[in-house]
Amino acid sequence: MVKLLARSFGLAGLFLAGLGSPAARAQEKEPGVQWDYTVSMQMQGFTMPATTTRFCAPKSGLQSPPKGDKDDKRCKVTDVKHDGPKMTWKMECTGKDAMTGEGEIVQGKDKFDGKMTMHSKQGDMEMAMSGKKLGGECDAGEVKRQLAAMKKQSDDAQAQAAANQAELCAKATEELQVELFAGPAALCKDKAQVAKLCSEAVARPGYSTLRRRGPQLAAAAKLCAFDVEKTRVKLCKVSADEVKAGGKTPPAEPLQFLPANCPVEAQALAKQECAGRSYTGMPRPWRGFCVELAQKGLSEGGDASPAAGDDEEPKPKEKAIDKAKKSILKGLFGG
Amino acid sequence: MPRRWLAAALALAAGSARGGELPDPFPQAGAAYLVALGDEPPIWGRAPDAPRLPASLTKLMTALLALEERGADADADAWETVSARAAAETGSRAGLRRGEAITRADAITATLVASANDACLALAEHVGGSVATFVERMNRRALALGLTGTHFENPCGHDAPGHRSTARDLLVLARAALAAPGFRRIVAEERATVRTRAGRTIALRTHNVLLGRLPGASGVKSGYTEGAGQCVVALARRGDVEVLVVLLGAPDRWWAAAALLEAGFAEARRRG
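Listed in order, the protein sequences are those of chains L and F.
Position one of the first sequence corresponds to residue 11 (this note's numbering), numbered consecutively onward.
Position one of the second sequence corresponds to residue 27 (this note's numbering), numbered consecutively onward.
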């Protein structure tokens, strides 16, 4: 409704422009005379208060009905008829705010009266307009120039908004910001971007990122129609297989994926690769994996008891200490 | 009687000033621990105010006093002769011999990098004039830092009746030491070389196994005695985030310290 009214007011503005000679260009000066122009609108019982605008109309008078802006291909004026001082026309707008309408205007020497009715899905809108000549020399091209400037400003703002949204959605795709794609009020709807986001959501890095963000994984599953648990099981199997195939130097990425996402596979590998090993004796690829598993071990309940230690200072009970330490580490890694 | 009431009130006030119970998500980490992000109050902990033997974490105070005095005295890097008592120190050693001389800067490096008890005692003797005087200064500095759960009986961390600290006090002490000029650079060194006046060079290697292995590990100090168990104050920095861990009486301090540091970084990421 609001948009339609705004558009209708736009048409009213264009009506003013239509008062100019068809040959006149926006930038040109044109001899004119001052008029007061009053317009009021009514739509579904909602009445906009009448507004009066002082403007400079061309001395040549109204030659054609308000036909919209040249660049506005959504509206076209048809069936223009002149019958003495009376002019009638029809108008059709297509697209998002599609509407049809008809209008008439009766021109006198010092005044004009007219009306325009528009029909849209939202209902009918009626616009009444009248004009009174005041006299005085002026530049009738000024209105057109102002309207052209306003349109340019509006077009620039729209283009900037579109560019901003495109940038936002591209970034949201890269960063897997599911909330911008999900729901009926989703800001980003580009199918290619949705497809890219969905393909990453079911791959290891994307899955991990979304899982860390909590509800976003479920939102992505809904958007992309995948089953979270089945995806996790599949990724865990692939990761465990890749790690096993890597032998002593497993690839880092599947190894990083396992502790947080695949407790069964991670625990099995921890028993094999972490339990009983010192931090210093741990090969580099396994260290981060075992530290993450150690975190889980440290979180388990029960009192920690200080063990007889090892390393830097005297080592009077080294064998006993090693034995105790291995036992602790086995506990830590579930071995 | 009024004095006893006053003491009780002060103790209560101190307790509340230190905050309530900390979350303890890692009960298996050690007998006592604290994890802190940057200069903020600790986020997790276990028995933070329980008195514990601090082992070689004591040397944080020794090094702090030596660095603070060195900062004020341009001649403090003069040669310092190693006494028979210092040369006879047991435990971790740099291997200094009686009568050899090293600079105070090298003594601090050996004390911090290799936890060398011989260098530590030599430092205490020269900075304090005597070991007893130095220990008095350590306790005065502890009071000045508000370390109410700390008392030192010796400068290098040998187990002794009355020699005690707490995880919370050691966190405060570590932060004070990290603010001392040159301290961060020294504790981040994996290897160092000190040279005696006679030209003998001694290669030292850090006891901190996280250095060079855990991304962002930046030092600080480890310690072990039979009474204290495995202890460590560990620092790591990644980008703008710094995590400091104090861990006392740990079954396996390096796995635990690495795990606590990683958990600290994860928490910092979560907090944004």
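A virtual CB, placed ideally from N, CA and C, is assigned to each residue, including glycine.
Bear in mind the structure is a predicted one, so any value in this text is a computation, not a measurement.
So with CB distances below 7 Å, who are the chain L contacts of Phe52 (chain F)? For Phe52 (chain F), the residues of chain L that pass the 7 Å Cβ criterion are Leu308, Ser309, in the order they occur in the chain.
Close-in-space but distant-in-sequence residues of the same chain around Ala62 (chain F) (CB under 7 Å, 5 per side omitted): So the qualifying residues of the chain are Pro68, Ile69, Leu197, Leu270.
Terminal residues of the beta strand (DSSP E) in which His184 (chain F) lies: Per DSSP, His184 (chain F) belongs to no beta strand (DSSP E) and is neither H nor E.
Residues of chain F with CB under 8 Å from Thr290 (chain L), in chain order? From the beta-carbon of Thr290 (chain L), the residues of chain F found nearer than 8 Å are Val235, Arg239, Trp280.
In its own chain, which residues sit with a C-beta less than 8 Å from the C-beta of Ala214 (chain F), not counting the 5 before and 5 after it? Within its own chain, the residues whose Cβ lies closer than 8 Å to the Cβ of Ala214 (chain F), once the five positions on either side in sequence are excluded, are Leu237, Ser244, Gly245, listed in chain order.
Going along the chain, which residues of its own chain have a beta-carbon closer than 6 Å to the beta-carbon of Cys208 (chain L), five neighbours each way excluded? Answer for Cys208 (chain L): Cys234, listed in chain order.
Of all Cβ atoms in chain L, is any one closer than 8 Å to the Cβ of Arg297 (chain F)? Judged by the 8 Å Cβ criterion, Arg297 (chain F) is not in contact with chain L.
What's the gap between the Cα of Thr116 (chain F) and the Cα of Leu147 (chain F)? Using only the alpha carbons, I get a separation of about 11 Å.
Do the region 200-211 of chain F and the region 221-238 of chain F touch if we need at least three Cβ pairs shorter than 8 Å? When Cβ pairs closer than 8 Å are counted between the two stretches, the region 200-211 of chain F is seen not to touch the region 221-238 of chain F, the count staying below three.
Local conformation of Ile228 (chain F) per DSSP, three classes: Judged by DSSP in its simplified three-state form, Ile228 (chain F) adopts strand.
Output, in chain order, the set of chain F residues within a Cβ distance shorter than 7 Å of Gln168 (chain L). Below the 7 Å Cβ cutoff, chain F contributes no neighbours of Gln168 (chain L), its closest Cβ being approximately 34 Å away.
Secondary structure of Phe209 (chain F), DSSP reduced to three states: Residue state, collapsed to three classes: helix.
Tell me the DSSP bridge mates of Lys100 (chain L)? Under the DSSP definition of a beta bridge, Lys100 (chain L) partners with L:Thr88, L:Glu112.
Considering only residues of the same chain and omitting the five flanking positions on each side of Gly154 (chain F), which have a CB-CB separation below 7 Å? Hits under 7 Å: Phe160, Arg163.
Beta-carbon proximity check, Ala203 (chain F) vs Ala89 (chain F), cutoff 8 Å: In this structure, Ala89 (chain F) lies closer than 8 Å to Ala203 (chain F) by Cβ.
Could you check where the alpha helix (DSSP H) with Ser309 (chain L) kicks off and where it finishes? Its alpha helix (DSSP H) spans residues 294-309.
Identify, in the order they occur along the chain, each residue of the same chain with its Cβ nearer than 7 Å to the Cβ of Ala229 (chain L), setting aside the five sequence neighbours on each side. Within its own chain, the residues whose Cβ lies closer than 7 Å to the Cβ of Ala229 (chain L), once the five positions on either side in sequence are excluded, are Val188, Glu189, Ala192, listed in chain order.
Report the three-state DSSP secondary structure of Gly255 (chain F) (helix, strand or coil). Strand, per DSSP.
Okay, do the region 174-187 of chain L and the region 84-102 of chain L touch, 3+ Cβ pairs below 8 Å being the bar? Cβ pair count under 8 Å is below three, so no.
Opposing strand residues paired with Ala133 (chain F) [DSSP bridges]: Ala133 (chain F) is bridged by DSSP to nothing; it lacks a bridge partner.
May I have the straight-line CA-CA distance separating Gly298 (chain F) from Val267 (chain F), to the nearest angstrom? Inter-residue distance for Gly298 (chain F) and Val267 (chain F) is about 10 Å (C-alpha atoms, whole angstroms).
Would you mind telling me which residues of chain A sit closer than 7 Å to Arg297 (chain L), beta carbon to beta carbon, in chain order? No chain A appears in this structure, whose protein chains are L and F.
Alpha carbon of Ala60 (chain L) to alpha carbon of Gly42 (chain L), nearest angstrom: Their Cα atoms are separated by approximately 24 Å.
Cβ contact check for the region 251-258 of chain L and the region 209-228 of chain L: 3 or more pairs under 8 Å: Contact between the region 251-258 of chain L and the region 209-228 of chain L is absent, because fewer than three Cβ pairs lie under 8 Å.
Between the Cα of Cys66 (chain L) and the Cα atoms of L:Gln132, L:Ala150, L:Gly146, which residue gives the shortest distance? Of the candidates L:Gln132, L:Ala150, L:Gly146, L:Ala150 places its Cα closest to the Cα of Cys66 (chain L).
So which of F:Glu106, F:Thr107, F:Trp105, F:Arg123 has the shortest CA-CA distance to Ala113 (chain F)? Ranked by how close their Cα comes to the Cα of Ala113 (chain F), the residues F:Glu106, F:Thr107, F:Trp105, F:Arg123 have F:Arg123 in first place.
Whose C-beta lies closer than 7 Å to the C-beta of Val238 (chain L) among residues of the same chain, with five residues either side of it excluded? Excluding the 5 residues flanking it on each side, Val238 (chain L) has same chain C-beta neighbours closer than 7 Å at Leu227, Ala228, Ala231, in chain order.
I need the DSSP call for Pro273 (chain L), collapsed to helix, strand or coil. When secondary structure is reduced to three states using DSSP, Pro273 (chain L) falls in the helix class.
Using the rule of at least 16 other Cβ atoms within 10 Å of the residue's Cβ for burial, across every protein chain shown, is Lys39 (chain L) buried or exposed? By the 10 Å Cβ count, Lys39 (chain L) comes out exposed.
Contact belief for Glu112 (chain L) with Met97 (chain L) at Cβ below 8 Å, rounded distance in angstroms: 12 Å between Cβ atoms; not a contact.
Count the CB pairs spanning the region 75-83 of chain F and the region 104-113 of chain F that are closer than 8 Å, and state whether there are at least three. With the cut-off at 8 Å, the region 75-83 of chain F and the region 104-113 of chain F do not touch.
Given that a residue counts as buried once 16 or more other Cβ atoms are within 10 Å of its Cβ, and exposed if not, what is Pro181 (chain F)? Flag for Pro181 (chain F) reads buried.
As assigned by DSSP and simplified to three states, the class of Thr88 (chain F): It is helical.
Just checking: is the beta-carbon of Ala214 (chain F) within a distance shorter than 8 Å of some beta-carbon in chain L? The beta-carbon of Ala214 (chain F) is placed no less than 8 Å from the nearest beta-carbon of chain L.
Looking at the unbroken alpha helix (DSSP H) that takes in Lys121 (chain L), where does it start and where does it end? For Lys121 (chain L), no alpha helix (DSSP H) run applies; the uninterrupted beta strand (DSSP E) run containing it begins and ends at 121-130, by DSSP.
Identify, in the order they occur along the chain, each residue of the same chain with its Cβ nearer than 7 Å to the Cβ of Leu265 (chain L), setting aside the five sequence neighbours on each side. Same-chain partners within the cutoff: Val253, Pro295, Phe299.
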